[in-house]
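Residue numbers (the numbering used here): 16 to 277.
Comments concern the structure below.
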Amino acid sequence: AKVAACALCSVEGSTVLLTYISIEVGIMYIYKVSSGNFLYWWSIKSLRLRVTSSLLIRLVMKLIMDFTGMMFTRHPLEMGGGFYSLNLALTPIVCLYFGSRYLEYTLDSSVREELNGVYTPLQVYGSIGSILVLQMFTFILFVCLIKPSYKSTFTNFQSGSDFCIECFRFAKKDVAKLKIFCKHKSMWSDHESELRRWLNDNLQGWVQNEPEWFDDHKRAIIPDELVDDQKLLLNIRGREVKTIQQRRRSSVGLVQEEMFDK
C-alpha cells in the first residue's frame, strides 16, 4: 500500500514524493525523541557516533517497515508495536488522499498528454481498494494465527529501556540476565541500584565456580562502576589482560613458526 501511495504522488514530481517521505520520517523522529527511544541500544561510547548511527538505523528501519511491513520492526527496540500499528492504519488514508490528488492533477489536458494516458477513477480506487483489502486480510489472518500472548505486541508502546529491564526480571538464568549489559547504559541506568544488588550478590560465586558460560566476553561487559568489591574487579580484569597476552604470545609464536618454515 505504501508503494501505491508513493507511485501516485510521484506523478506530480519527485519533489512531492520526497516531501511526503520526509514528513513521515520526520514524524517518526519526533515520536522517537519525545518517547525517549531515539538513541539506539548499541553500546557505543561516542555520543556523536551514537547519534549518527541512530539517525541512520531509525531511517532504515522506518523504510523497511513502510515498504515491506516486516513484523520484526514492531520490536520495542526498533519502531515499537504501537507505532507499527498506527503507521499501518494510516496507510489507507494516505493512499486514498494521493489517489484523489492524482485524479485532480490529471484533469488537466496538458498533463494527460504529457503522461500519455491516465487511469480512470474506477481503476485508481479499484486498485487501491484491492491492495488494502489484501493487506488487511493477511494482517488479520496473521494476528489470528499467532500465539495470544503476542497479540498485545501490536498495541504496546513500551520503551526500549522498559523492555530490557523486563527481560532481565523475567529471565530465569544468570547468563540471560547478564545480557542486559550488552545494551547501552541508557537502557538500564534507571534501574542501576537493582542491577548493582543482583550483580554483587552473584559475582563472587561466578568467579569462584567459573561456570562454562562465564567467559571472557561476559566478564568484559560487566560495568566497573557496578562492582563494589574492587579486589574482585581486579581479579576479573586481570584475567582479561592475561588472556589477551596469551593470545598475543600464541600469535607471535605462529608467526615465528611460519618464518622458520620458510
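Virtual Cβ for every residue (Gly too), placed ideally from N, Cα, C.
Euclidean distance between Cα positions of residue i and residue j
i    : j    : result
D244 : I45  : 42 Å
K198 : W56  : 5 Å
N250 : S58  : 24 Å
G96  : S37  : 22 Å
L64  : E27  : 37 Å
M94  : S49  : 13 Å
W203 : M80  : 27 Å
K200 : V190 : 18 Å
D230 : K47  : 35 Å
F87  : V158 : 14 Å
G51  : R89  : 16 Å
G141 : K60  : 52 Å
Residue i vs residue j beta-carbon contact at 8 Å
i    : j    : result
L247 : L218 : yes
Y99  : F169 : yes
L111 : I143 : yes
V139 : Y117 : yes
C24  : V18  : no
F113 : A186 : no
Heavy atom of the ligand NAD within 7 Å of residue i beta-carbon
i    : result
I108 : This structure simply doesn't include the ligand NAD, nor any ligand for that matter.
Nearest-angstrom Cβ-Cβ length linking residue i and residue j, presumed shorter than 8 Å
i    : j    : result
P91  : S174 : 7 Å
T106 : A22  : About 13 Å separates the two Cβ atoms, so there is no contact after all.
V40  : L74  : 6 Å
I236 : H206 : Not a contact, Cβ separation roughly 17 Å.
K192 : F178 : Contact doesn't hold; Cβ gap of about 14 Å is too wide.
Please list the segments of the alpha helix (DSSP H) lying wholly inside the stretch 142-196, counting only runs of 4 or more residues, in order along the chain. DSSP runs (the alpha helix (DSSP H)) wholly in the stretch 142-196: 175-185, 189-192.
Ranges of the alpha helix (DSSP H) found wholly within the stretch 196-260, counting only runs of at least 4: Unbroken alpha helix (DSSP H) runs of no fewer than 4 residues, entirely contained in the stretch 196-260, are found at 207-224, 231-235, following chain order.
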